[in-house]
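Trainee: Here you go, one structure.
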Amino acid sequence: MREGFVHCTGDIVVALDADGSMNPDEIPAIVAFLESGLDYVRSSRKYWRRGYRSI
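Note that our numbering gives residue 86 to position 47 of the sequence shown, counting from 1, and the numbers run on in steps of one.
Here it is in structure tokens:
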């Protein structure tokens, strides 16, 4: 992954686990947070039901 990030040229980079445990359909919602002015967005299925905000 590190080598891949070195070659990224876009403004936004998204990384997903390859085991299918993450839903790529959620990417637009995450990108929307970035486009609203946030500098960094991290998601976790661990906090899915409880909600979590700590940046």
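Glycine included, every Cβ here is placed at the ideal spot set by N, Cα and C.
1) When you compare only the Cα positions, how much space is there between Phe44 and Val53?
2) Tell me the DSSP secondary structure of Ile51 in three-state form.
3) Among the residues of its own chain, which have a CB less than 7 Å from the CB of Phe72, if the five just before and after it don't count?
4) If you drop the 5 nearest sequence neighbours on each side, which residues of the same chain put their C-beta closer than 6 Å to that of Met61?
5) Can you give the Cα-Cα distance for Ala57 and Glu65, rounded to whole angstroms?
Mentor: Answer, in terms of the structure:
1) 10 Å
2) coil
3) Val80
4) Leu55
5) 15 Å
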